[in-house]
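K.L.:
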Amino acid sequence: MWLKTKKFVDRVKQWWSSYQFQGAPSFNFAKKLKALKRDLKLWNMQSLGNIGANKKIKMMEIQEIERLQEKQPLAQEEQEQKTSLVVDLERMILLEEVSWRKKSRVLWLKEGNQSMNFFHRIADSHKRHNKIEVPKIDGVECREEQVIHNHVIDFFEKLLTEQVG
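If you count the sequence shown from 1, position 109 lands on 108 in numbering that gives the first Met the number 0, and the numbers rise without skipping.
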C-alpha cells in the first residue's frame with residue numbers, strides 16, 4: 000500500500016540515511032529498523048490517515064462540483080480541481096483495496112479456516128502471486144546460481160558494514 004504513494008521509497012531512503020547510532024553493525028541495523036518503524040507509523044497516520052473517511056470527503060467534494068456543473072459550465076480552475084479530486088479518489092480506492100487485501104491475509108492467519116481445501120487454494124494463489132520466476136540483478140535477468148549467491152552476499156555485506164555519517 001505504501002509503495003503506491005508518491006515518493007515513498009525516497010522518503011524511506013532519506014529516513015534510513017539520517018539515523019545515526021554507535022555500536023556493532025547488527026546493533027545499528029536493529030536500531031535503524033526500530034526508528035524506521037516509528038517514523039513509518041507516524042507518517043502513515045499523517046499522510047494516509049483514515050482512508051475510508053478521506054475517500055468520503057473527496058466524494059462529497061466531487062459531488063459538490065458536479066452540482067455546480069449542472070447549473071453552469073465549470074471554469075478552467077474548477078475543471079482542474081475536479082480532475083485532481085477524481086485522481087485522488089481513484090488513488091484512495093486503490094489504497095483501500097490493497098489495505099483490505101492485506102487485512103484479509105491477516106484475518107486468515109489469525110482466525111484460521113475449517114475448510115482446508117479452500118484455505119490451500121487461497122494460499123496457492125498467494126504463492127503464485129508472490130513467486131519470483133527469474134531474479135533480476137541490476138535490471139538484467141540472471142539464472143546462474145553462483146552469480147545470484149554472490150550478489151546477495153555483497154548486498155548484505157555492504158548493508159551491514161555501511162558507515163554512518
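A virtual CB, placed ideally from N, CA and C, is assigned to each residue, including glycine.
On a predicted model such as this, the values are computed, not experimentally measured, just so you know.
In this structure, how does DSSP classify Lys-6 when only helix, strand and coil are distinguished?
P.N.:
Against the sequence shown, residue 6 aligns to sequence position 7. Residue state, collapsed to three classes: coil.
K.L.:
Return the Cβ separation of Ile-61 and Leu-84 in integer angstroms, given the expectation that the two are a contact with Cβ distance under 8 Å.
P.N.:
In the sequence shown, counting from the first residue as 1, residue 61 sits at position 62. In the sequence shown, counting from the first residue as 1, residue 84 sits at position 85. The pair is a contact, with the Cβ atoms about 5 Å apart (cut-off 8 Å).
K.L.:
So what does Val-139 bridge to, in DSSP terms?
P.N.:
Numbered from its first residue, the sequence shown carries residue 139 at position 140. Answer is Ile-136, bridged to Val-139.
K.L.:
Quick check: the Cα distance between Glu-89 and Trp-15, rounded to an integer number of angstroms?
P.N.:
On the sequence shown, residue 89 is found 90 positions in, with the first residue counted as 1. On the sequence shown, residue 15 is found 16 positions in, with the first residue counted as 1. Approximately 30 Å between the Cα atoms of the pair.
K.L.:
Do you know how far the Cα of Lys-57 is from the Cα of Gly-22?
P.N.:
By 1-based counting over the sequence shown, the position of residue 22 is 23. By 1-based counting over the sequence shown, the position of residue 57 is 58. Those two C-alpha atoms are separated by around 48 Å.
K.L.:
Measuring straight from C-alpha to C-alpha, what distance separates Glu-69 and Lys-31?
P.N.:
One-based indexing of the sequence shown puts residue 69 at position 70. One-based indexing of the sequence shown puts residue 31 at position 32. One C-alpha to the other measures close to 54 Å.
K.L.:
Can Lys-81 and Ile-64 be called in contact, C-beta distance under 8 Å?
P.N.:
On the sequence shown, position 82 is the one that residue 81 refers to. On the sequence shown, position 65 is the one that residue 64 refers to. Taking 8 Å as the Cβ cut-off, Lys-81 and Ile-64 qualify as a contacting pair.
K.L.:
What's the gap between the Cα of Ile-121 and the Cα of Lys-102?
P.N.:
Translated into the one-based positions of the sequence shown, residue 121 becomes position 122. Translated into the one-based positions of the sequence shown, residue 102 becomes position 103. If I take the Cα positions, the gap works out to 14 Å.
K.L.:
Closest by CA to Leu-159, which one among Ser-25, Val-139 and Gln-19?
P.N.:
Stepping through the sequence shown from its first residue, residue 159 is reached at position 160. Per the Cα distances, Ser-25.
K.L.:
What are the start and end residues of each continuous alpha helix (DSSP H) run of 4 or more residues lying completely inside the region 19–95, in chain order?
P.N.:
24–42 and 50–70, all fully within the region 19–95.
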